[in-house]
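What follows is a set of notes on a single structure, which appears directly below.
2 protein chains.
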Amino acid sequence: MSRGAADPPVVRSCLVVGTGLIGTSVALALRRHDVVVHLADRDPAAARQAAELGAGTVDPPTEQVDLAVVAVSPSATAEVVSGLLAGNVAATVVDTAAVKAGVLRQVAATVGPAPHFVGTHPMAGRERSGPGAARADLFEGRPWAVSAQGADERSMTRVRALLDMCGAVVVEMDAPAHDAAVALVSHVPQVAASLVAARLAEGADNALALTGQGLRDVTRVAASDPDLWVDILTANAEPVARILTELRQDVDAVVHALREVDEDPEWARTALREVLLRGNAGRARLPGKHGGRSTTYALVPVVLPDRPGELGRLFVDVGAVGVNIEDIRIEHSPGQPVGLVELAVAPAAASGLATALAGLGWVVHPEGA
Amino acid sequence: MSRGAADPPVVRSCLVVGTGLIGTSVALALRRHDVVVHLADRDPAAARQAAELGAGTVDPPTEQVDLAVVAVSPSATAEVVSGLLAGNVAATVVDTAAVKAGVLRQVAATVGPAPHFVGTHPMAGRERSGPGAARADLFEGRPWAVSAQGADERSMTRVRALLDMCGAVVVEMDAPAHDAAVALVSHVPQVAASLVAARLAEGADNALALTGQGLRDVTRVAASDPDLWVDILTANAEPVARILTELRQDVDAVVHALREVDEDPEWARTALREVLLRGNAGRARLPGKHGGRSTTYALVPVVLPDRPGELGRLFVDVGAVGVNIEDIRIEHSPGQPVGLVELAVAPAAASGLATALAGLGWVVHPEGA
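Top to bottom, those sequences are chains A and B. If you read the first sequence in my numbering, its first letter stands for residue 1, the second for the next number, and so on. If you read the second sequence in my numbering, its first letter stands for residue 1001, the second for the next number, and so on.
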């Protein structure tokens, strides 16, 4: 499926339209494979900035390119794709918008059947945007959805070569399934994070002094760009509204149970427990690091004095011990110059690492969790 | 305020009732300061396990202890506190329940004015529970709320000594303010995470293949213990229901806007944008690492091949460069053996670190974000 890079190159030239985070990151990845990349943006300064970062040239192509990658806002995507197809600017055109069914429908309505167009969606957003936040490795190991319907085989070959050069994982899904999936795993979580964070906008100052890691995690994506998300949510309105309506029914059930705590405590507790158990079950379905179900690692917690060089010193010591670290989490607390570093390792390696670090003078929880 | 440890010890003996995560962690912290700790639990095996972990003795005290720490489930807290006060078992009794007003009210109703009782709440839960998950440093640098009302000065001195030995940060709040605060920063975010995760319980398998870091973060706390959370939510029913009702109004507004996208797109976009902007504003209020507003660090992204020892090798190299790392994030993707490590450093240090690591053979984004 992703043998493109081993064959003679099927993508030697590319036009990237829209040099924000996604477009510039695609361009940087293609430049690493010596593809000739032309950069265009409605804001010429953004295209120039991308060019200065090594993403390609702002000179327009003088002949048909092998591939055009459209990475403009979701609401402008169908129009730009249709123009490129009508002008025969590229042998194959792909878009990268976060919502697929509407784009495919609008393109078909404008230019008719479009065998040279493939709808795609890289799952690699960030809280930051613009060419300055772009990186050649943004898509490395990330899922990249491809909605193949109607595309011819040569165009699919170019799309596979694109994803291969970006290091992404192909996930083929038709457009309605894709849009329902991202509503579930991305758009509704974004709305929920924003709504929880919105409550904090009016909270008392000293209430926020009790903030813990849980709130930080739940609200992290609430820092995202509102204009981009207005575009995404309006383009996927029906699937998002459907899931939010289900979520609202659960909110109602929780509120109802909380209002009945004094009247009928046993019923209220059962109702709350049922919702929390469904949350446990859903969380347990998230894929783990290597595509399987979540793996349980043992955590080795290490207390880290917040002096310059302490984390570097820990790095040196962990490196010397030679245990493979699967994940790291640093917990911060407001107002206190100390941190707790949790090193996630294979369960069999935990006690050895804990003992070795303790022997080197680190404060490590002796039981290794 | 936290001079207790420098004075002659005011807490030489302690009875910990409830040897779960919180009680055992308190006991371990006090043992580090040579306090004599007695351990009790309705489940004798849990108390024995805590004792085996070095948290104290299961022998009951033979005379009045200086301090009793009640760390049982929220619903059992008032009863246990009242019993200890009535039996004059300790000079001072503190509880650690996540909700305060109900406990204070129930204790007052049972034993009358209680100058030897102080309601407290350490902000240090975990997704794991039980004595095996306990650690002496669980409270290090974490906020620990204290509701002082009605307590005499000698009891407050003992409480400050307790928090000092645990390394916690005292946050004084009266009980209603505390309960409103934790509803906002802990209980409602927990419900929201559970409700988003609950949607995943029924989602299509291939939808979850598109899971990104955002969903992982939003739903992390949804893995928490349902029984504990039923207790917490029912004990803080009114404040949680009030905030959830506000949140539900915003859900309704979002659903309404999404349903009107075709009819009145400009109005719908404005309504969605307003909610997302409030989310931005609330998120920006979270305290940063050292108690101030969130600090912006520069991120240096490094591509990490998932071979044994690669992270250790990175540790050694970062240690050798000698830059102070403020935070680390490892992004995982399902199905792909590679990770991206983001090292957060002071903005002035970013380009030097990126250059040094690139020189050592690491794939580093050249612009340093």
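Heads up, the beta-carbon is just placed ideally off N, CA and C, and yes, glycines get one too. Treat the numbers as computed from the prediction; the structure is a model and nothing was measured.
Alpha carbon to alpha carbon, what distance is there between B:Leu1021 and B:Arg1158? 22 angstroms
May I ask you to list the residues that DSSP assigns as paired with A:Thr92? A:Leu67
At a CB distance below 9 angstroms, what residues from the stretch 185-208 of chain A approach chain B? Give them in sequence order. Val185, Ser186, Val188, Pro189, Gln190, Val191, Ala192, Ala193, Ser194, Leu195, Val196, Ala197, Ala198, Arg199, Leu200, Ala201, Glu202, Gly203, Ala204, Asp205, Asn206, Ala207, Leu208
Based on the DSSP output, what are the partners of A:Phe117 in its beta bridges? Paired residue(s): A:Val93.
C-alpha distance - B:Ser1351 paired with B:Leu1360, whole-angstrom precision: Their backbone Cα atoms lie some 14 angstroms apart in a straight line.
Coil, strand or helix - A:Val363 by DSSP: Residue state, collapsed to three classes: coil.
Does the beta carbon of A:Val363 sit closer than 8 angstroms to a beta carbon anywhere in chain B? yes
If you measure beta-carbon to beta-carbon, which residues of the stretch 15-44 of chain A are closer than 8 angstroms to chain E? This model lacks chain E altogether, as its protein chains are A and B.
Interface residues of the stretch 313-329 of chain A facing chain B [CB-CB below 9 angstroms]: Arg313, Leu314, Phe315, Val316, Asp317, Val318, Gly319, Ala320, Val321, Gly322, Val323, Asn324, Ile325, Glu326, Asp327, Ile328, Arg329
Given A:Met176, which residues of its chain have a CB within under 6 angstroms of its CB, disregarding the five upstream and five downstream residues? A small correction: the amino acid at residue 176 of chain A is Pro; Met does not occupy that position in the sequence shown. Result list for A:Pro176: Ala101, in chain order.
Per-residue contacts from B:Ala1046 into chain A (C-beta, under 9 angstroms): Per Cβ cutoff of 9 angstroms: no residues; B:Ala1046 is ~14 angstroms from chain A at best.
With a threshold of 8 angstroms between beta carbons, is B:Ala1078 in contact with chain A? no
Give the interface partners of A:Val182 over in chain B, defined as CB-CB distance under 9 angstroms, in chain order. Ala1207, Leu1210
Chain A beta carbons: is any one of them nearer than 8 angstroms to that of B:Pro1074? Taking CB atoms only, B:Pro1074 has no neighbour in chain A less than 8 angstroms away.
Closer than 8 angstroms is the cut-off here; do at least three beta carbon pairs connect the stretch 1176-1188 of chain B with the stretch 1093-1108 of chain B? Taking 8 angstroms as the limit for Cβ pairs, the verdict is that the stretch 1093-1108 of chain B does touch the stretch 1176-1188 of chain B.
Counting contacts by CB-CB distance shorter than 8 angstroms, is B:Pro1265 in contact with chain A? So yes, B:Pro1265 belongs to the interface.
Hey, how far is the Cα of B:Arg1031 from the Cα of B:Trp1144? Rounded to whole angstroms, B:Arg1031 and B:Trp1144 show a C-alpha spacing of 19 angstroms.
Measure from the C-beta of A:Pro143 to each C-beta in chain B and report whether the shortest distance is under 8 angstroms. Yes, A:Pro143 counts as interfacial toward chain B.
Would you verify that the beta carbon of A:Leu163 is, or is not, closer than 8 angstroms to some beta carbon of chain B? no
Which two residues bound the contiguous beta strand (DSSP E) that contains A:Pro143? 143-147
Put A:His370 into one of helix, strand or coil per three-state DSSP. Not covered by the structure: residue 370 of chain A. The range shown for chain A is 1 to 369.
From which residue to which residue does the alpha helix (DSSP H) around A:Ser224 run? Here A:Ser224 belongs to no alpha helix (DSSP H), and DSSP marks it neither H nor E.
Quick one: what's got a C-beta closer than 7 angstroms to A:Val251's C-beta in the same chain, skipping five residues either side? Excluding sequence neighbours, A:Val251 sits near nothing in its chain.
Check whether the stretch 253-261 of chain A touches the stretch 1238-1252 of chain B, taking contact to mean three or more Cβ pairs, one atom from each stretch, closer than 8 angstroms. yes
Using a Cβ cut-off of 9 angstroms, pull out every chain A residue sitting near B:Ala1051, in sequence order please. Contacts between B:Ala1051 and chain A, judged by CB atoms closer than 9 angstroms, are missing: the closest CB pair is about 13 angstroms apart.
So which residues of chain B does A:Gly119 contact, with C-beta pairs closer than 9 angstroms? Near A:Gly119 there are no residues of chain B at all, since even the closest Cβ is about 14 angstroms away, more than 9 angstroms.
B:Leu1304 versus B:Val1318: straight-line alpha-carbon distance, rounded: 13 angstroms
Consult DSSP for A:Ala350 and reduce its assignment to one of helix, strand or coil. helix
Rounded to whole angstroms, what is the Cα-Cα separation between B:Thr1254 and A:Ala201? Strictly speaking, residue 1254 of chain B in this sequence is Val, with Thr absent from that position. When rounded, the distance between both Cα atoms is 18 angstroms.
Counting C-beta neighbours from all protein chains within 10 Å, is the total for A:Trp229 16 or more, i.e. buried, or is it exposed? buried
For chain A, check one thing: does any of its Cβ atoms lie closer than 8 angstroms to the Cβ of B:Glu1153? no
Neighbour flag for A:Gly102 against chain B, beta carbons, 8 angstroms: no
Per DSSP, which one or two residues make a beta bridge with B:Cys1014? Bridge pairing for B:Cys1014: B:Val1037, B:Leu1067 [DSSP].
Assuming the contact rule is C-beta atoms closer than 8 angstroms, B:Val1016 and B:Ala1027 should be a hit. Round their C-beta distance to whole Å, please. Contact between B:Val1016 and B:Ala1027 is confirmed by a C-beta separation of about 5 angstroms, below the 8 angstroms threshold.
Below 8 angstroms between beta carbons: does that hold for A:Arg273 and B:Pro1226? yes
Kindly provide the ranges of any beta strand (DSSP E) runs that are 3 or more residues long and lie completely inside the stretch 206-261 of chain A, ordered along the chain. none
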